[in-house]
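Chemist: Protein chains in written order, with our numbering: chain A, 173 to 261; chain B, 26 to 191. Think of the CB as a built atom: it goes at the ideal place given N, C-alpha and C, for glycine as much as any other residue.
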Amino acid sequence: MSLPAISKHLKVLERAGLIARGREAQWRPSRLEAGRLKEVADWLEHYRRFWDESFDRLDAHLRELQAQQKQQHRKQTREKKHVRTKKHL
Amino acid sequence: MSEQRNTSEGQAAKRELVITRIFDAPRELVWQAWTDPKQLVKWWGPKNFTAPVAKIDLRVGGKYLYCMRSPEGDDYWSTGIYREVIPPERLVCTDSFADADGNVVPASHYGLGEDFPLEMQVTITFEDVAGKTKMTLKHVGLPESMSDMTNTGWNESFDKLAESLK
């Protein structure tokens, strides 16, 4: 990576609050803001778990719902057939 | 130009989560699972949680209020306002932690990080893929200045003030 590219990346990290930068002559020491990173990681972890596990349950719910609908449909078709056979008799 | 670039770069640490799932069901069914409270309570919340309450006023500007209960019996309420309701394609709503009366509370109310945003936005899109449904959820934390519910904090403070003046 070129020096200007590194400098640009550091600028982005600084704006995002993920690093803090000082100034000493032409040197700009950078320090990781671990607190900010942890906050973002906590948020992501909380909601990733929440949604992933909710969607597992949603998946199960949709399967069950469709199985029920299929069963109901089969029952109705059987009943219709039954009525038709009765009429024949 | 540079102003715009600053904005997007400044949001690098913004909380944003995107989850995509394919469900083996037509999208009308997936849409109903999200918008019919009787169905939502069957899946809302992590493993072993239950959802004792779901109220949904499904229209732009309408509110929802959900409650999920942990296996230990702790209740977590959440609320929000629908921003876009386009059945069965797209649902956009705000998302905040709430108390049982639907008042917005900070995440710290539930022992979660002080730094959780007070208001988040959830965008769910449903795409038909050969009879199955591709659902994409985008969950974004909004900066406080953009929130129109931050005044709840003030209302609570004023309630306390009124209480102390009695």
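Going by the beta-carbon positions, is the gap between Lys67(B) and Ala76(B) smaller than 9 Å?
Modeler: Result yes, Cβ atoms of Lys67(B) and Ala76(B) sit closer than 9 Å.
Chemist: According to DSSP, Thr161(B) sits in a beta bridge with which residue or residues?
Modeler: Note: Thr161(B) sits in a beta bridge opposite Thr45(B) and Thr150(B).
Chemist: Taking the alpha helix (DSSP H) that Trp102(B) falls in, what are its first and last residues?
Modeler: From DSSP, Trp102(B) is part of no alpha helix (DSSP H) but of the beta strand (DSSP E) over Asp100 to Ile111.
Chemist: Would Asp224(A) pass as a contact of Ile47(B) if the rule is Cβ separation under 9 Å?
Modeler: Not in contact: Asp224(A) and Ile47(B) (Cβ atoms no closer than 9 Å).
Chemist: Bridge partners of Lys88(B), per DSSP?
Modeler: For Lys88(B), which the question treats as bridged, DSSP gives the partners Ile106(B).
Chemist: For a contact defined as C-beta to C-beta under 7 Å, what are the partners of Phe141(B) on chain A?
Modeler: Going along chain A in sequence order, the residues near Phe141(B) (Cβ under 7 Å) are Trp215.
Chemist: List the DSSP bridge partners of Ile191(A).
Modeler: In DSSP, Ile191(A) forms a bridge with Leu204(A).
Chemist: Identify the continuous beta strand (DSSP E) that holds Leu116(B) and give its terminal residues.
Modeler: Its beta strand (DSSP E) spans residues Arg115 to Ala123.
Chemist: Are the beta-carbon atoms belonging to Gly104(B) and Val85(B) less than 9 Å from one another?
Modeler: In the sequence on display, residue 104(B) carries Thr and not Gly. Not a contact, by the Cβ cut-off of 9 Å.
Chemist: Closer than 9 Å, Cβ to any Cβ of chain A: which residues of the region 134–168 of chain B, in chain order?
Modeler: Those would be Leu137, Gly138, Glu139, Asp140, Phe141, Pro142, Met145, Thr158, Met160, Leu162, His164 and Gly166, in chain order.
Chemist: Under 9 Å between C-beta atoms, does Trp223(A) make it to chain B?
Modeler: At least one chain B Cβ lies under 9 Å of Trp223(A).
Chemist: Thinking C-alpha only, which one of Asp82(B), Glu97(B), Leu137(B) and Asp124(B) is nearest Leu116(B)?
Modeler: Of the listed residues, the one whose Cα sits closest to Leu116(B) is Asp82(B).
Chemist: The alpha helix (DSSP H) that contains Val55(B), what's its start and end?
Modeler: Unbroken alpha helix (DSSP H) run through Val55(B): Arg52 to Thr60.
Chemist: On a Cα-Cα basis, can you pick out the residue from His218(A), Leu185(A) and Lys252(A) that is closest to Ala206(A)?
Modeler: When only C-alpha atoms are compared, the closest one is Leu185(A).
Chemist: Between the beta-carbon of Asp124(B) and the beta-carbon of Trp102(B), is there less than 9 Å?
Modeler: In contact: Asp124(B) and Trp102(B) (Cβ atoms closer than 9 Å).
Chemist: Name the chain A residues whose beta carbon is nearer than 7 Å to that of Ala50(B)?
Modeler: Chain A residues near Ala50(B): Leu234 and Gln238.
Chemist: Compare the C-alpha of Thr158(B) against each of Thr148(B), Tyr135(B), Cys118(B) and Val55(B) and name the closest.
Modeler: Of the candidates Thr148(B), Tyr135(B), Cys118(B) and Val55(B), the one whose C-alpha sits nearest the C-alpha of Thr158(B) is Val55(B).
Chemist: How big is the Cα-Cα spacing for Ser133(B) and Gly189(A)?
Modeler: If I take the Cα positions, the gap works out to 22 Å.
Chemist: Excluding the 5 residues flanking Pro112(B) on each side, which residues of the same chain have their C-beta closer than 6 Å to its C-beta?
Modeler: Trp56, listed in sequence order.
Chemist: Counting only beta-carbon atoms, is Arg40(B) nearer than 9 Å to chain A?
Modeler: Chain A contact via Cβ: present.
Chemist: Should Arg221(A) go down as buried or exposed, given a rule of 16 or more other Cβ atoms within 10 Å for buried?
Modeler: Classification of Arg221(A): exposed, given that the 10 Å Cβ count is below 16.
Chemist: Terminal residues of the continuous beta strand (DSSP E) containing Lys80(B)?
Modeler: Segment Thr75 to Ile81, the beta strand (DSSP E) holding Lys80(B).
Chemist: Is the CB of Arg94(B) under 9 Å away from at least one CB in chain A?
Modeler: Judged by the 9 Å Cβ criterion, Arg94(B) is not in contact with chain A.
Chemist: Give the secondary structure of Glu186(A) by DSSP, where H, G and I count as helix, E and B as strand, and everything else as coil.
Modeler: Helix.
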